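Below: one structure, written as structure tokens.
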Amino acid sequence: MSVRAIIHRLARFRRDDSGAAMVEFSMVVGLFFLMLFQLFDFGIFASTNLIAEKSTQVAARIATVRPAACAGVPDRITVGTASPAPRFGTNCRAVANACAVQASVSCAGDAGNATANEIWTRISPALPGGTQISDLTFIYTQDPNLGYLGGPYVPQVTVELTLPAFRFSAPIGAMATMLSGGTGGFTGTPQYRTISISLPGEDLASGTDG
Numbered sequence: 001m002s003v004r005a006i007i008h009r010l011a012r013f014r015r016d017d018s019g020a021a022m023v024e025f026s027m028v029v030g031l032f033f034l035m036l037f038q039l040f041d042f043g044i045f046a047s048t049n050l051i052a053e054k055s056t057q058v059a060a061r062i063a064t065v066r067p068a069a070c071a072g073v074p075d076r077i078t079v080g081t082a083s084p085a086p087r088f089g090t091n092c093r094a095v096a097n098a099c100a101v102q103a104s105v106s107c108a109g110d111a112g113n114a115t116a117n118e119i120w121t122r123i124s125p126a127l128p129g130g131t132q133i134s135d136l137t138f139i140y141t142q143d144p145n146l147g148y149l150g151g152p153y154v155p156q157v158t159v160e161l162t163l164p165a166f167r168f169s170a171p172i173g174a175m176a177t178m179l180s181g182g183t184g185g186f187t188g189t190p191q192y193r194t195i196s197i198s199l200p201g202e203d204l205a206s207g208t209d210g
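Position 162 of the sequence shown, counted from 1, bears residue number 162 in the UniProt record's numbering, the numbering being contiguous throughout.
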């Protein structure tokens, strides 16, 4: 083949744009589907966060009318350091130090505890896979404005829920790193915020003890 023929073929090849649309389509459609899957993922992430918040509200509501999910929560409000000692029935906020100061008590959810197990049985079907009962935290904190001397202990009941990291269905982090030529970046596993709901205790003895 002569040099002239080779040059002619190269020139024709340079001018030939057949198939260019296919290359452009493959690039655009890949980006389109990546964006579409990420929209689905972010929708799932947001809806799961909302459902988890509602589930935590239910958990806190149940915890306020059930025996404590943690050991060490007192049953009664005992006398404090006020002198002279106030009479039983005195409102805790009526006299300074009328009621004894109680330390906050917290614990992780445990299936061996009846209250924690009841709450978990109620809310677990709505939570994402991989969530464990130990992801629930119960906190009982004294409120000096609640209760009276000798009466049932009425703490602020807080329930916290920490969900496992969310994993995107599409490896957006790895793909973005590959396309950019970088060595690090988004891991693709964003963390949910810890959801915390607090309510005043109502009856920590199931209505059978005061």
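Beta carbons: idealized from backbone N, C-alpha and C, even for Gly. A quick note: this is a predicted structure, and the numbers were derived from the prediction, not measured.
For LEU199, the secondary structure class from DSSP, reduced to helix, strand or coil, is strand. Under the DSSP definition of a beta bridge, ALA108 partners with THR137. In the structure shown, LEU161 adopts extended strand secondary structure according to DSSP, grouped into three states. Between VAL73 and TYR140, the C-beta spacing is below 8 Å. Closest in C-alpha terms to TRP120, from the list GLY89, VAL79, ALA63 and PRO84, comes ALA63. Within a 10 Å sphere around the beta-carbon of VAL157 sit 16 or more other beta-carbons, which makes this residue buried. Looking at the DSSP output, PRO84 bridges to nothing.
If you check the CB distance, LEU127 and ALA68 do not come in under 8 Å.
If you draw a straight line from the Cα of GLN38 to the Cα of VAL79, it is about 58 Å long. In terms of CA proximity to PRO84, ALA96 leads the group ALA96, ARG76, SER106 and ILE77.
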